[in-house]
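Residue numbers (this note's numbering): 139 to 565.
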């Protein structure tokens, strides 16, 4: 675990001030991790500038936001958006034969995934086209950004880009089966990952989740010459949570984006070696609309309540208790979560150095059944404890990333439950 570097103490308050700039490279959709750091910057009086991935017309053409879309996006951000499409990836970029990756799956049924064959040279051509488009548009965004940053200002660049699931319709039923399948519906993540469809996902995840950080660092080299520039990026590489009373590293399985997240860390480590203040912050598991595909990921969120209790953060615990069914207590949830996290089905693949691991039928079934059991303990299945805890994580992560980025101490940090509880206790 030579790379593992947990943040154990709450960092000193950042020295950002009014007139400094936070640039969000990515787009906010609903409430998520990035809201936390934006809220911190707003409280400091910083100028908030965002980007957009753009939108696709019915014919597939990538375009800027229209007037209504731009107004909605800027209201959600609470700042100005540079309206040049920064969609990452290449799934809709035509290959040399004129066919985009998404169109190579027409007529393919979900059960055909193992027999699909893709021409690696065509995929690579589409990837190069996507990279060229992204970098060209990124250069235009940075040129606009430069005009908006006052002389002598500090600049915090926040990388939020992640994902990269190809947008061909056939992928979602396959991935739903892979992440949520049990019994006859179980699908081996390893078998899928080694297929041509899996290899396309790997290339796409690397491009969207990881390589965009490199493109961003390179594109903003000129800004670093004029401004004290700091980079913060969102990662995931498991989390330390309380298991049998001890903060212990664990991870959701199967996390297929894991290899891209390691690549993201590698890019920050490489930049750090060149004297560039770039840090990847590995954040805890949460349950949001975008993480709903990974049902069971939230099983390791419940122990946060134990860490919050240790730090005296009673307000969050009271909010959680109020959402539970009559007769159910927070301790009931914690006991089930701890039993899950200490089960041999879960611990047998808990190995940092070989992360990420692939799924197994018994492990996945147990994970999903535990998820269902815990969620059923809420009075209203649409108003659940995990939402409260996820909001607490957003807030804690936002504060830790914001303050740490001012004087970063390492290229990669794990933000575990203990330090999140500590920062929430400080208010």
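Glycine included, every Cβ here is placed at the ideal spot set by N, Cα and C.
Among the options, nearest to residue i - alpha-carbon criterion
i, options, result
"residue 298", "286, 373 and 229", "373"
"residue 478", "318, 408 and 435", "435"
"residue 168", "214, 484, 485 and 470", "214"
"residue 200", "532, 465, 271 and 437", "271"
"residue 461", "473, 482, 405 and 518", "518"
"residue 418", "439, 371, 459 and 409", "371"
"residue 243", "233, 406, 459 and 254", "254"
"residue 338", "305, 324 and 456", "305"
"residue 308", "470, 336 and 279", "336"
"residue 179", "498, 284 and 152", "152"
"residue 184", "398, 288 and 205", "288"
"residue 423", "207, 273, 230 and 555", "555"
"residue 352", "273, 329 and 379", "273"
"residue 539", "256, 368, 437 and 377", "368"
"residue 233", "363, 256, 404 and 249", "256"
"residue 359", "413, 500 and 166", "413"
"residue 191", "166, 181 and 177", "166"
"residue 182", "159, 197, 172 and 189", "159"
"residue 407", "172, 241, 470 and 546", "546"
Proximal residues to residue i (C-beta, below 8 Å), its chain only, five neighbours per side dropped
i, result
"residue 454", "443, 446, 526, 527, 530 and 562"
"residue 277", "357"
"residue 489", "495"
"residue 345", "226, 227, 228, 265, 268, 269 and 302"
"residue 143", "548, 550, 551 and 552"
"residue 401", "344, 347, 348 and 349"
"residue 381", "388, 441, 476, 479 and 480"
"residue 282", "220 and 222"
"residue 450", "563"
"residue 325", "312, 315, 316 and 319"
"residue 397", "340, 343, 344 and 494"
Three-way DSSP call (helix, strand, coil) for residue i in this model
i, result
"residue 487", "coil"
"residue 464", "coil"
"residue 420", "strand"
"residue 314", "helix"
"residue 397", "helix"
"residue 404", "helix"
"residue 479", "helix"
"residue 512", "helix"
"residue 197", "coil"
"residue 526", "helix"
"residue 234", "coil"
"residue 367", "strand"
"residue 254", "coil"
"residue 382", "coil"
"residue 474", "helix"
"residue 337", "helix"
"residue 373", "strand"
"residue 533", "helix"
"residue 551", "strand"
"residue 388", "strand"
"residue 265", "helix"
9 Å Cβ cutoff, residue i in contact with chain B
i, result
"residue 513", "You won't find chain B in this structure, because it holds only one protein chain."
For residue j and residue i, the rounded distance between their alpha carbons
i, j, result
"residue 220", "residue 385", "42 Å"
"residue 514", "residue 388", "24 Å"
"residue 195", "residue 203", "11 Å"
"residue 393", "residue 316", "11 Å"
"residue 557", "residue 355", "28 Å"
"residue 258", "residue 333", "12 Å"
"residue 237", "residue 431", "28 Å"
"residue 491", "residue 464", "43 Å"
"residue 438", "residue 328", "23 Å"
"residue 508", "residue 497", "16 Å"
"residue 459", "residue 363", "51 Å"
Sequence-distant residues of the same chain with beta carbon closer than 6 Å to residue i, five excluded per side
i, result
"residue 331", "none"
"residue 157", "288 and 291"
"residue 542", "149"
Inter-residue CB distance, residue i and residue j (contact presumed, cutoff 8 Å)
i, j, result
"residue 187", "residue 286", "6 Å"
"residue 474", "residue 511", "6 Å"
"residue 246", "residue 341", "At roughly 18 Å, the Cβ-Cβ gap does not stay under 8 Å, so residue 246 and residue 341 are not in contact."
"residue 148", "residue 415", "The pair is not a contact, with the Cβ atoms about 19 Å apart (cut-off 8 Å)."
"residue 295", "residue 163", "6 Å"
"residue 291", "residue 375", "About 32 Å; that fails the 8 Å criterion."
"residue 174", "residue 536", "2 Å"
"residue 320", "residue 503", "5 Å"
"residue 279", "residue 224", "6 Å"
"residue 206", "residue 193", "About 11 Å; that fails the 8 Å criterion."
"residue 391", "residue 487", "6 Å"
Close-in-space but distant-in-sequence residues of the same chain around residue i (CB under 7 Å, 5 per side omitted)
i, result
"residue 318", "433 and 506"
"residue 212", "218 and 219"
"residue 522", "461, 513 and 516"
"residue 426", "170 and 528"
"residue 410", "416 and 549"
"residue 404", "none"
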